[in-house]
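Heads up: the sequence shown at position 321 corresponds to 322 in the numbering used here, and the numbers run straight through without jumps.
Cβ coordinates follow ideal geometry from the N, Cα and C atoms, glycine included.
Report on one structure; see the data block that follows.
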Amino acid sequence: MSRHPPRPAGVPRSVEELQLMAKDFIDQYYTSLKKFGSPAHMKRMAQIQQAIEQYRTYDLTSSELIYGAKLAWRNAPRCIGRIQWSKLQVFDARHILTARGMFEALCNHIKYATNKGNLRSAITIFPQRKEGRRDFRVWNDQLIRYAGYKMEDGSILGDPAGVELTELCVKLGWKPKNGRFDILPLILSAAGSDPEMFEIPAELVLEVNMRHPKYPWFAEMGLKWYALPAVANMLFDCGGIEFPACPFNGWYMGSEIGARDFCDTARYNICQEVAEKMGLDTRKNTSLWKDRVLVEVNVAVLYSFQTAGVTITDHHSASESFIKHMDNEYKLRGGCPADWVWVVPPISGSLTEVFHQEMLMYKLKPSYEYQEDAAKVHVWIRDRDKSNSDKPKRKFGFKELAR
């Protein structure tokens, strides 16, 4: 398996590099089919080389795209849940040309992946990057994200992680609802056109109200979280072809919500409030009040999801499954790229197997890559600061979209 060094963002690949990366991927693909070196393999490689020489690009077949998307998840060094990589559902949306078409595809993705709480891993892949055409992009960092509102006193109502996107939505004409858990609309741009904004139909967004098995007051705090964690702003790099719009999802590990979303000081920051309700001494660190709060909030998250029938895993089970996956990968591929800092859970680290596991960080292709935010690189056609509130609101019900 070859390793490819990172390249500067925005620099087109040379014909030579594209040919090498295409060959590397197609070799992997036909090896997986046990047809390496077959006439079909050689014919396909010749087709690709000819297309690259003539057009400086080529198109992946549907089966190649599906294989590549799954393999990119398998190669993702920061993901603890990779044991599920082969079960990824791939939605090929390369035929879509408009932001409205993107929105409809994403609504179908959300509906399929949520599956009434029995979550399914999925990815939707929009058209690839091509010279002479600007990118298709999802501007949201997650398909579902709560708004964050800056208040006059400097405090933030809602999710601080959503402040920038919320401000952009308002500039584009969205009417703030000023709640703690307001679902932000999707901002989508097709082929470099200015972004369009779409409200996600409420019936598609499954949320879980938080409660605790021992503390009745926990439910009174009014906390909730969305069921579907869908990363929306990464780039899929496969065979030298780049797909800047490729939202994908798995399902939550409880500590992602309980430790990071709820308890991080830069997020909802509920530790102090929970500690006071628990009657803990918050005046000194030696009482370990933060640790006790963190455990109980995570208990509440797991309990709430499980009693609601929504898929979730705990950090101990996730750790055990990753070690199993890692052992299997060493047997099958002679290695498993893993970023220890990301794989180790944010709670009870040394109690999990992954904490004590030596890991090697390296990159393989195909892969999912970080990229610059769409809002920072977009070339605006109209005035970026002009509100579009005078334009008709794009608000659709799922039944209308499903026609």
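DSSP beta-bridge partners of residue i
| i | result |
| --- | --- |
| Ala231 | Asn250 |
| Met198 | Ile188 |
| Tyr150 | Leu158 |
| Ser15 | In DSSP, Ser15 forms no bridge with anything. |
| Asn210 | Lys225 |
| Phe92 | Thr125 |
| Lys131 | Arg134 |
| Gln143 | Val232 |
Residues near residue i by beta carbon distance below 7 Å, same chain, minus five either side
| i | result |
| --- | --- |
| Gln50 | Gln20 |
| Val206 | Ile145, Ile184 and Tyr227 |
| Ser87 | Lys71 |
| Tyr331 | Cys337 |
| Pro347 | Ser256, Ala260 and Arg261 |
| Glu354 | Ser320, Glu321 and Ile324 |
| Trp341 | Met360 |
| Asn179 | Tyr150 and Leu158 |
Limits of the alpha helix (DSSP H) - the one that residue i falls within
| i | result |
| --- | --- |
| Ile126 | Element bounds for Ile126: not the alpha helix (DSSP H) but the beta strand (DSSP E), Ala123 to Ile126. |
| Phe104 | Ala100 to Thr115 |
| Leu72 | Ser63 to Arg75 |
Terminal residues of the beta strand (DSSP E) in which residue i lies
| i | result |
| --- | --- |
| Val380 | Neither: Val380 is in no beta strand (DSSP E) and is coded neither H nor E. |
| Met327 | Premise fails: Met327 lies in the alpha helix (DSSP H), His316 to Arg334, not in any beta strand (DSSP E). |
| Cys239 | Leu236 to Cys239 |
| Gln307 | Where Gln307 is concerned, there is no enclosing beta strand (DSSP E), although the alpha helix (DSSP H) it sits in stretches over Trp290 to Thr308. |
| Glu370 | Ser368 to Glu370 |
| Ile242 | Ile242 to Phe244 |
Reduced DSSP category for residue i - H, G, I as helix; E, B as strand; rest coil
| i | result |
| --- | --- |
| Ser156 | coil |
| Met43 | helix |
| Glu359 | coil |
| Phe37 | coil |
| Val342 | helix |
| Phe137 | coil |
| Ile53 | helix |
| Tyr176 | The sequence shown places Lys at residue 176, not Tyr. Coil. |
| Tyr30 | helix |
| Cys272 | helix |
| Ala267 | coil |
Cβ pair residue i, residue j closer than 8 Å
| i | j | result |
| --- | --- | --- |
| Val300 | Pro214 | yes |
| Leu120 | Thr312 | yes |
| Ile242 | Gln129 | yes |
| Arg293 | Leu303 | no |
| Ala267 | Pro186 | no |
| Phe263 | Val298 | yes |
| Phe244 | Ile126 | yes |
| Ser64 | Gly251 | no |
| Gly118 | Ala276 | no |
| Gln143 | Pro196 | no |
| Met103 | Leu189 | yes |
| Ile27 | Arg45 | yes |
| Lys278 | Trp218 | yes |
| Arg135 | Gly82 | no |
| Gln273 | Thr287 | no |
Own chain, CB closer than 6 Å to residue i, minus 5 neighbours either side, in chain order
| i | result |
| --- | --- |
| Arg181 | Gly159 |
| Ala1 | There is simply no residue 1 to check, as the chain begins at 2 and stops at 404 in what is shown. |
| Cys408 | No answer is possible for residue 408: it lies beyond the span of the chain, which begins at 2 and ends at 404. |
| Val378 | none |
| Tyr253 | Pro230 and Ile313 |
| Leu224 | Met211 |
| His42 | Tyr31 and Lys36 |
| Arg95 | Pro128 |
Residue i CB to nearest heavy atom of the ligand NAP below 7 Å
| i | result |
| --- | --- |
| Pro186 | Looking at this structure, you won't find the ligand NAP or any other ligand, since it has none at all. |
Cβ-based neighbour list, residue i, same chain, cut-off 8 Å, excluding 5 preceding and 5 following
| i | result |
| --- | --- |
| Ala52 | Thr58, Tyr59 and Asp60 |
| Phe399 | At Phe399, the pLDDT of 49 sits below 50, so the modelled position is not reliable and the matter cannot be decided from this model. |
| Lys351 | It is worth fixing the name first, because residue 351 is Ser in this sequence and not Lys. Within the same chain, Ser351 has close Cβ partners His357. |
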